[in-house]
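A.B. asks:
2 protein chains.
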Amino acid sequence: MVFDNEKKVYMDKLYKPDKSKKTTVDKEIIFLIDKINSLLEYYTTSSCAGRIVLITIPKKNRKDLSKWLFSSHKKIKFSELPLTKFPKETVYFRQEGLILHIACKDIESAQKIVDKAKFVGFKRSGIMATSKRIIVEICSTEKLEAPICKNGKLIVSDEYLKFLIFEANKKMKQNEIKTKKFYRLM
Amino acid sequence: MVFDNEKKVYMDKLYKPDKSKKTTVDKEIIFLIDKINSLLEYYTTSSCAGRIVLITIPKKNRKDLSKWLFSSHKKIKFSELPLTKFPKETVYFRQEGLILHIACKDIESAQKIVDKAKFVGFKRSGIMATSKRIIVEICSTEKLEAPICKNGKLIVSDEYLKFLIFEANKKMKQNEIKTKKFYRLM
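Note that the protein sequences, when read in sequence, are chains H and V.
Numbering of the first sequence is given in the working numbering, commencing with residue 25 and proceeding in unit increments.
Numbering of the second sequence is given in the working numbering, commencing with residue 25 and proceeding in unit increments.
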């Protein structure tokens, strides 16, 4: 019953705006989140569909001081990138795949969903907590992480940026294909 | 007893050359591997200290067709990179942190080692298998993934490559610090 009550609390706030000032679910994966939450053994606690971002990395790698200059959950075009004004910190072009955190009723249901995730290629997946709640983390492996700017200046050519975008869009597509496969397995 | 017998099998082959033609353990983390294997509840099944590599990515992202052009488990210098002859495939400069796979006696000991890993900053850590054996995967978060070459030609400047190396070396250092902290917690 504890699990069912906790699930109810999470479901009540699922589509309400959260602290990060956007709704808790990226619209690109609502179909998957709804499917998972329709199953008795699971509920999602956080999620990201996958994204392409421009992010500043402060000197001492303090995440709380990072700034997001751009963010998209789908394929992007060169013209979308804000390339006119840069901060002094190093700016990274980053692409990353889907991330899900899912509370599970028991270890067996947790293992079942991890196996499905691995099967479709979300290889960095596992049970990350078992004591208070059983939480599974599902991560895809697509990634790009390339510095593009330092000391306020761009350090790569437009051609290079366009190639980064080409590669990032390809990875977003792979991530999307896996996401749909995972949905069909659920 | 099953666990103890399996551990014995793994320990017997730990420092013998494996199929990948090098010994199974990077010398930079032998101290940690030996510590983990000295504990009754654990044994390591695979490991990587963290690395900087140049790797070709074939068109359809088929891992088995990837070629390693360069690999180092420690900080590198610009002069070490083989920059004279490039293949036709896209070449990526990649840095990644420590990865460990550890078999655990039970779920409790698995959760204990995951908690320690997370505490030192190996955030992508979890229990990835529970059915036949209980296997924990511990991954650090440092990463760089930047294309540097396509169609046989370098697409970034020497200055950019030097900055990539600077950033990669910094991440290797952070990874090393976490690895030592993890060792002290074990």
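Note that beta-carbon positions come from the ideal geometry of N, C-alpha and C, so glycine has one too.
Between the segment 173 to 194 of chain V and chain H, which residues of the former have CB atoms less than 9 Å from a CB of the latter, in chain order?
C.D. replies: Flagged, chain order: K174, I179, V180, S181, E183, Y184, F187, L188, E191, K194.
A.B. asks: Just how far apart, CA to CA, sit L209(H) and V138(H)?
C.D. replies: Going from the Cα of L209(H) to the Cα of V138(H) covers about 12 Å.
A.B. asks: Any idea what DSSP makes of I100(H), helix, strand or coil?
C.D. replies: I100(H) falls in the coil class under three-state DSSP.
A.B. asks: Give the C-beta separation of V77(V) and R118(V) to the nearest angstrom, bearing in mind that I take them to be a contact with Cβ-Cβ under 8 Å.
C.D. replies: With 8 Å as the limit, V77(V) and R118(V) qualify as a contact, their Cβ atoms being about 5 Å apart.
A.B. asks: Apart from the five residues just before and just after I57(H), which ones in its own chain have a Cβ nearer than 7 Å to its Cβ?
C.D. replies: Closer than 7 Å at the Cβ level, and outside the excluded window around I57(H), lie V49, T68, S71.
A.B. asks: So, are the CB atoms of L124(H) and I162(H) less than 8 Å apart?
C.D. replies: Contact flag set, yes.
A.B. asks: Pull up the CB-CB distance for K101(V) and M196(V), whole angstroms please, since I reckon it's below 8 Å.
C.D. replies: So it is not a contact: roughly 13 Å between Cβ atoms.
A.B. asks: In whole angstroms, what is the alpha-carbon distance linking N193(H) and A73(H)?
C.D. replies: Between N193(H) and A73(H), the C-alpha separation is close to 14 Å.
A.B. asks: Could you name the residues of the same chain whose beta carbon sits closer than 8 Å to that of I149(V), not counting the 5 residues immediately before and after it, in chain order?
C.D. replies: The sequence shown places Ser at residue 149(V), not Ile. Excluding residues within five positions, the ones whose Cβ falls inside 8 Å are V138, A141, K142, V160, E161, I162, C163.
A.B. asks: Count the other CB atoms, across all protein chains shown, that sit within 10 Å of the CB of R75(H); report buried if there are 16 or more and exposed otherwise.
C.D. replies: It is buried - the Cβ of R75(H) has at least 16 other Cβ atoms within 10 Å.
A.B. asks: Between the segment 137 to 167 of chain V and chain H, which residues of the former have a C-beta closer than 8 Å to a C-beta of the latter?
C.D. replies: Here the close residues are V138, K142, R148, S149, G150, I151, M152, A153, T154, S155, V160, E161, C163, K167.
A.B. asks: Using a 10 Å radius around the Cβ and a threshold of 16 neighbouring Cβ atoms, would you call Y39(V) buried or exposed?
C.D. replies: Exposed, by the Cβ-count rule.
A.B. asks: Going by C-alpha to C-alpha distance, which of A127(H), I172(H), F146(H), K177(H) sits closest to K156(H)?
C.D. replies: Answer by Cα proximity: A127(H).
A.B. asks: Using C-beta distances below 6 Å, list every residue in its chain close to S96(H), excluding the 5 sequence neighbours before and after it, in chain order.
C.D. replies: The answer, listed in chain order, is I76.
A.B. asks: Quick check on the DSSP output: the alpha helix (DSSP H) that includes V144(V) runs from which residue to which?
C.D. replies: Segment 131 to 144, the alpha helix (DSSP H) holding V144(V).
A.B. asks: Need the endpoints of the beta strand (DSSP E) that V160(V) sits in, please.
C.D. replies: Start and end: 158 to 163.
A.B. asks: By the 10 Å Cβ neighbour count, where 16 or more other Cβ atoms means buried, how is T203(H) classified, buried or exposed?
C.D. replies: So T203(H) counts as buried.
A.B. asks: Could you name the residues of chain A that P171(H) contacts, counting a contact when the two beta carbons are closer than 9 Å?
C.D. replies: Among the protein chains in the structure shown, which are H and V, there is no chain A.
A.B. asks: For R148(V), name the three-state secondary structure that DSSP assigns.
C.D. replies: R148(V) falls in the strand class under three-state DSSP.
A.B. asks: Kindly list, in the order they appear in chain H, the residues whose Cβ is closer than 8 Å to that of I131(V).
C.D. replies: The contacting residues are I131, T154.
A.B. asks: For the alpha helix (DSSP H) that contains I53(H), what are its first and last residues?
C.D. replies: Element bounds for I53(H): n/a, residue is neither H nor E.
A.B. asks: Which first and last residues belong to the alpha helix (DSSP H) in which A192(H) is found?
C.D. replies: Start and end: 182 to 209.
A.B. asks: Apart from the five residues on each side of it in sequence, which residues of its chain come closer than 6 Å, Cβ to Cβ, to F206(H)?
C.D. replies: Closer than 6 Å at the Cβ level, and outside the excluded window around F206(H), lie V144.
A.B. asks: Between which two residues does the alpha helix (DSSP H) holding Y39(H) run?
C.D. replies: Per DSSP, Y39(H) belongs to no alpha helix (DSSP H) and is neither H nor E.
A.B. asks: On the DSSP letters alone, give me the boundaries of the beta strand (DSSP E) that T108(H) sits inside.
C.D. replies: No beta strand (DSSP E) holds T108(H); DSSP gives it neither H nor E.
A.B. asks: On a CA-only basis, which of N29(H), D36(H), W92(H) is nearest E65(H)? Give me that one, please.
C.D. replies: The option with the nearest alpha carbon to E65(H) is N29(H).
A.B. asks: Looking only at C-alpha atoms, which of Y34(H), S181(H), F110(H), L185(H) sits nearest to L93(H)?
C.D. replies: Selected option, being the one with the closest Cα: F110(H).
A.B. asks: Does L63(V) come out as helix, strand or coil in the three-state DSSP assignment?
C.D. replies: Correct three-state label for L63(V): coil.
A.B. asks: Do P82(H) and Y116(H) count as a contact pair if the criterion is CB distance below 8 Å?
C.D. replies: It is not a contact, given that the beta carbons lie outside the stated cut-off.
A.B. asks: Sort E120(V), T80(V), V33(V), S90(V) by Cα distance to L178(V) and report the nearest one.
C.D. replies: Of the candidates E120(V), T80(V), V33(V), S90(V), the one whose C-alpha sits nearest the C-alpha of L178(V) is T80(V).
A.B. asks: Would you tell me roughly how many angstroms separate the C-alpha atoms of C173(H) and Q135(H), rounded to the nearest one?
C.D. replies: Each residue's alpha carbon lies about 42 Å from the other.
A.B. asks: Please confirm whether T154(V) and I158(H) have their CB atoms less than 8 Å apart.
C.D. replies: Against a cut-off of 8 Å, the Cβ pair of I158(H) and T154(V) comes out as no contact.
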